[in-house]
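Chemist:
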């Protein structure tokens, strides 16, 4: 099984294909996963649950549904979220945002601090490029990522986060500069076990964070705390220790440092380059800020002008305001839109009274006595876009003007101060005054010297410096280890990342607003302005995250998973491409339900009470979002009235491209209506709005009739629109009746019966594989090769072959398997594997020695049940020899140790107290077999699913229950006996009864796969009813194709054909039948292993509509005969009438004959083809051209065929008078009778079965009220009988067209083959056995058994003549006969009376 | 009366109800712990004697489901 | 038709049709790869409540 996979490409040819498959990882080890769902508990990512059609939520780690196979959980991931990609340091933004959303601040910090040691600092001052990348922008506004980072640091002290560090090494590293780059390098080195010393020129650590950013943006204590977090790791910071002539790089190496990291930043302001710049009162912004930040004060004068438009300019301005400047003006040469400072900062500055003079550039500082007195400015205008992407400002000549100022602060940029580094050997600088380094390793030209941060990039963001520091740390470690510094570090660029699609109806939600200190409180102090989110609003903000990557990689699951099924390694699994070699390919990719969102008039997306039928399925399901409680979605009230609209996304070319009929919607709508009434009571009003009711499957018409009887309303109409009703949860439905009248009705809920369509990905796959498709995008196949695609060796089944229901899908599936098998017959059994057999130890007559193994199942059992107490208790029980507990009994190593213990302790019975035998019994039985014990010497006590999981609030009672269950299991297991599984040879021959299309297909398929077939036909030629059919619905000529099939069957050496033959006797059972065939009174006995019943059907001879009164009144097949013979009279037909449902859908024959609508329409078109001027009328009750047959109906209407509907209680009347055929019918649209004079009247007569009671008795198979055979299971076993070894196909099952008959013939062959291929049949050990001495021959067992397993021994037998016996081959071990036996003569092995009583008697302590 | 906790013995069909009881566990649906399940291959296996025996052992209720 | 016929079949899709094909083929002696796009097989049928016309549980 290859899950999470997609077929990419197929090469090669039939018999030998090379397939490449892309497999997305599960990110959880399925072998280790115990499905305990502990990961789900901690997973923060909630997503709409597709399984419930979005009506419920699931987590990013999930299991599709409770019973899913494989049972292991899987994690859904997409590419790394854009926020993470946008972050220079690659922080796992989605991860920490989700953690904040959960209030798990410490966990959030842990994620942040993987990369960034300064969460509170960057949580305040980061320019958050991540938010620009946030896909929430496509909905409303980005998630406030930076503020959420700060919230985490506000709520949990980052110093308290445990930071995992590798053992400390001896070597030390010198770091020059304690800004973000230096601090980050020190932090990451420390985590790798390398201590470092930071040399800082200034009297305080932090670099630009300290001296560049004012305290109102970044409080000093936050910075201090986070620097402390780094020094706590053993990092030493030497303040006031500049690098220069005395302490240069060489000296650092001399002092024993193994590497040097240069991160001195860019602290030197750029000068303006205008006259007067040297005047008193002119200074650099960075110098001003440094002074203010280090000392808390700096000189400001009354009127301050600041040149520049970046954050430094704003910081200077806001600081100047706080320091008492009266008039602060920023002069910026472009306009507001081009300002590099953040908008919120600009806004805050303005709030605080800063003026901004846009489009002005300084030309000269005006001085008086060497002091600044003014500034000459020139007006600018914006011209074309320059290399920075902004419009370039150019001066407007003659626009100079002066402004009066006392102080001028330049803040137009900074660069590194290289004076201390200029003389260091080997380090080179760019023309921008930055260091040249390797872009990946950050190594400079000098060995052992690395550089980063603003020194290397020029002034940039702090987070970039942090990233640089981290990368340098990685390089330094590799350098010191002598490893390749670049290996594996090349950035991987994903050109087309895939993310979780933004839900089309994502509700908008406002971005949380950061609370701020009131403007009037900011004067004269440097108190922090942004106050931080409150918890509730922060968590709500975090929930705005769209989870672009699905899984947020918070790794909470890794910690929660006790069996280590999900680990950091599994999380890192990569998509792989698997190459397979296969002989054949079967396509069963299925369909997608039509999405009714684009149908505006149905307001599906806009009104919660308009849902799709798939939503309805989930609402009705006990495992659904409401536990099967039927409610309307808007207010969770129980609905009183529900409407279904049919043909939503089907039979509709106006609003969608699907002009075919989806085949299943009528039936499922009726089913939903019936079930809804069962859930909500009879008072629920269910109305189905439909065009034609298509209940063309087996027993469907009965279901329809019953629904009508139970009060489901069927409204033949076209729905115009649905409108919400104001101030009400209800909706108003406007529809047009058949007679044209417009009606309005209100409903609580509307269910849109959505059609089937092929997913675009499937269509793309078909294209890749080179498979032809139909108009409806289904795989193209032929009527005579119904499961074969246009590419040889590739077969198709299920809804991709055409819209169909489950039974038809199952039929096709088996047919496709048969077709593939026919192709690959010569390679059969070449690749399958079989197992070694361990000899079985004889334990009969030994005293029971029971081993009890109690499972913790991690905390799943042990978290509730006192496992040790249960184990101790088990040791006190009779026959118990050995007791043990296991953490996970199902793990492979435990299995191995179990095998050892069984052997070592000589145990002969085993009890495992763990989960459920339904899933794990086979596994433990396997272990017994490996230990040489008979697998039936085993019992499970279900102390998880039926104990710890359901009584978690009552651990004491749960432990008591576990003890009881163990006691009961031990009592039972002591009575277990080794059971044998009898082996019987299967006769490889097959008997096929019926040589029509279906029977021949079955015979041909079996013969092609190498099995001898005996084909018995009643008539003197093969072919059956198909001889009478002219063309198939897809236009293939039946005659020639039939002849080919007959020819192949007759020439197949594996097939023996018996014509004019009758089956007179059948004996035996599966694998070994003996049947007697009589041909011309000669009897032949055939030994065969399986039988296929394909006895077919025939057309009903009508007894109404004046049939037989005129040669121009024909049945459908009689008309076909005329077509086949090319009867010249057809050309003269001027008016032809078809009457449908002749004998079908009548009280005495309440089933639809399925084929007649399509066939009559095809014939009507043929008449039109032969004589385009003829008038053709089809009188019908419902047109049932299901699937792509609908195109014929459409074509017929386009070609002018007139369709007139009648109802059962007002059928057409036919009279023949004076050689005139006259048909009168009441037209439902006009509401009055119409008389048609016809020169051809065709009666679409019912298909009736040939099934015979005798045959039914021969094979002990049932026949239904209509005379069709009853299959094993309506859905899952359509081509076989409940009786083993007997199969069914063709019209004997139900009326069906040629393609479906052929498919079912192949399906029956496929099912038969699964039996023949086994060569031997093994009986189950759990079978019934008669003790003949006690049998009273009453025959109850024979009559009650649904599998015909019990029978009477022959009266001639020597032992126990006439007594009952049970054939273990046929017995399914249900025990019906055992319970029914009046003499108590029958035992059921494994569930014998004494064993069940042993359990009941062991209850005594429990009850 | 509220003190009374009936003791229930249930016989569940392996193919349906027993599996349903397992699923109740998967869904972590809680129910009172005073019930003991005996797995049977099919309710067809049920004999009235099992029910009587359960009552004789002190059961207050017997539930057969399949 | 290839000279060397391989005795395995790839079934694309783990819904009811794919599962049935896979089971039939495996039981007939062919090695089957069952490819499914989601993490679990079962397809749409597993989402249905009941199936018509017998109202059996779809699961």
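Chains as they are written, first to last, in the working numbering: chain Y, 3 to 1409; chain W, 833 to 898; chain G, 4 to 62. Even glycine gets a Cβ: it sits at the ideal position worked out from N, Cα and C.
Could you tell me whether the stretch 990-1008 of chain Y touches the stretch 1071-1090 of chain Y, using the rule of 3 or more Cβ pairs below 8 Å?
Modeler: Yes, the stretch 990-1008 of chain Y touches the stretch 1071-1090 of chain Y.
Chemist: If you compare alpha carbons, which of 501/Y, 702/Y, 397/Y is closest to residue 670/Y?
Modeler: Closest option to residue 670/Y, Cα to Cα, is 702/Y.
Chemist: With residue 385/Y as the anchor, note down where its beta strand (DSSP E) starts and where it stops.
Modeler: Taken as a continuous stretch (DSSP letters only), the beta strand (DSSP E) holding residue 385/Y covers 373-387.
Chemist: Identify, in the order they occur along the chain, each residue of the same chain with its Cβ nearer than 6 Å to the Cβ of residue 1225/Y, setting aside the five sequence neighbours on each side.
Modeler: Excluding positions up to five away in sequence, the list reads 1139, 1214, 1216, 1238, 1240.
Chemist: Within 10 angstroms of the Cβ of residue 1233/Y, are there 16 or more other Cβ atoms? Answer buried if so, exposed if not.
Modeler: Looking at its Cβ environment, which holds fewer than 16 other Cβ atoms inside 10 Å, residue 1233/Y is exposed.
Chemist: Please identify the residue among 841/W, 845/W, 865/W whose C-alpha is closest to the C-alpha of residue 1376/Y.
Modeler: Looking at the Cα atoms, 845/W is the closest of the given residues.
Chemist: So, using beta-carbon positions, are residue 521/Y and residue 218/Y closer together than 8 Å?
Modeler: Cβ atoms of residue 521/Y and residue 218/Y: not closer than 8 Å.
Chemist: If you check the beta carbons only, do residue 1300/Y and residue 1034/Y fall under 8 Å apart?
Modeler: Yes. Within cutoff.
Chemist: Does residue 1369/Y get closer than 8 Å to chain W when you measure Cβ to Cβ?
Modeler: Not one chain W Cβ lies under 8 Å of residue 1369/Y.
Chemist: Per DSSP, what kind of secondary structure is residue 1155/Y in: helix, strand or coil?
Modeler: Of the three classes helix, strand and coil, the one that applies to residue 1155/Y here is coil, per DSSP.
Chemist: In whole angstroms, what is the alpha-carbon distance linking residue 1331/Y and residue 1368/Y?
Modeler: Using only the alpha carbons, I get a separation of about 6 Å.
Chemist: Identify whether residue 573/Y lies in helix, strand or coil by the three-state DSSP scheme.
Modeler: Three-state result, residue 573/Y: helix.
Chemist: Who are the Cβ neighbours of residue 700/Y in its own chain at under 8 Å, not counting the five residues just before and after it?
Modeler: Once the five neighbours on either side are set aside, the close Cβ partners of residue 700/Y are 809, 1153, 1270, 1276, 1295, 1296.
Chemist: From the DSSP output, which residues share a beta bridge with residue 19/G?
Modeler: Beta-bridge pairing links residue 19/G to no other residue.
Chemist: Hey, how far is the Cα of residue 593/Y from the Cα of residue 807/Y?
Modeler: So the alpha carbons of these two residues sit roughly 11 Å apart.
Chemist: Return the first residue and the last residue of the beta strand (DSSP E) that residue 1208/Y is part of.
Modeler: Here residue 1208/Y belongs to no beta strand (DSSP E), and DSSP marks it neither H nor E.
Chemist: Rounded to the nearest angstrom, what separates residue 332/Y and residue 316/Y at their Cα positions?
Modeler: If you take the alpha carbons of residue 332/Y and residue 316/Y, they lie about 8 Å apart.
Chemist: Along chain W, in chain order, which residues have C-beta atoms closer than 7 Å to that of residue 966/Y?
Modeler: In chain order: 868.
Chemist: So residue 12/G packs on residue 7/Y, CB below 8 Å; how close in whole Å?
Modeler: The pair is not a contact, with the Cβ atoms about 15 Å apart (cut-off 8 Å).
Chemist: To the nearest whole angstrom, what separates the beta carbons of residue 872/W and residue 843/W, a pair I think is in contact under 8 Å?
Modeler: Correct: roughly 5 Å between the Cβ atoms.
Chemist: Give a yes or no on whether the minimum CB-CB distance between residue 776/Y and chain G is below 8 Å.
Modeler: Residue 776/Y does not count as touching chain G.
Chemist: How would you call residue 242/Y, buried or exposed, if buried means at least 16 neighbouring beta carbons within 10 angstroms?
Modeler: Exposed, since its Cβ has fewer than 16 Cβ neighbours within 10 Å.
Chemist: Residue 833/W by DSSP, collapsed to three states: which one?
Modeler: In this prediction, residue 833/W has a pLDDT of 43, which is less than 50 and means its spatial position is unreliable; what the coordinates show is noted afterwards. In this structure, residue 833/W counts as coil in the three-state DSSP scheme.
Chemist: Which residue spans inside the stretch 994-1040 of chain Y form an unbroken beta strand (DSSP E) run of at least 3?
Modeler: Listed in chain order, they are 1015-1018.
Chemist: Quick check on the DSSP output: the alpha helix (DSSP H) that includes residue 231/Y runs from which residue to which?
Modeler: Where residue 231/Y is concerned, the enclosing alpha helix (DSSP H) stretches over 222-233.
Chemist: Run through the DSSP bridge pairs and tell me what residue 1244/Y is partnered with.
Modeler: 1116/Y, 1140/Y.
Chemist: Since residue 849/W meets chain Y, which of its residues come closer than 9 Å, beta carbon to beta carbon?
Modeler: Here the premise fails: no neighbours, minimum Cβ distance about 11 Å.
Chemist: If you follow the beta strand (DSSP E) that residue 1229/Y is in, where does it begin and where does it stop?
Modeler: 1222-1229 is the span of the beta strand (DSSP E), which, as asked, contains residue 1229/Y.
Chemist: Of all the options 502/Y, 443/Y, 458/Y, 64/Y, which has the alpha carbon lying nearest to the alpha carbon of residue 489/Y?
Modeler: Closest by alpha carbon: 443/Y.
Chemist: So, does the CB of residue 998/Y fall closer than 8 Å to a CB anywhere in chain W?
Modeler: No, residue 998/Y lies away from the interface with chain W (no Cβ there is under 8 Å from its Cβ).
Chemist: Would you please state the rounded distance, in angstroms, between the beta carbons of residue 1194/Y and residue 1167/Y? I believe it to be under 8 Å.
Modeler: Right, their Cβ atoms sit about 7 Å apart.
Chemist: So, under 8 Å CB-CB, residue 644/Y and residue 686/Y are touching, yes? Tell me the CB distance rounded to an integer number of Å.
Modeler: Yes, residue 644/Y and residue 686/Y are in contact; Cβ-Cβ is about 7 Å, under 8 Å.
Chemist: Using beta carbons (cut-off 8 Å, strictly below), is residue 704/Y in contact with chain G?
Modeler: Yes, its Cβ sits closer than 8 Å to a Cβ of chain G.
Chemist: With 16 as the cutoff for other CB atoms within 10 Å, does residue 1243/Y come out buried or exposed?
Modeler: The residue is buried, with at least 16 neighbouring Cβ atoms inside 10 Å.
Chemist: Cα-Cα, which of 1176/Y, 119/Y, 84/Y is closest to residue 1201/Y?
Modeler: That would be 1176/Y, whose Cα lies nearest to the Cα of residue 1201/Y.
Chemist: Quick check on residue 40/G: buried or exposed, where buried means 16 or more other Cβ atoms within 10 Å of its Cβ?
Modeler: Per the 10 Å Cβ criterion, buried.
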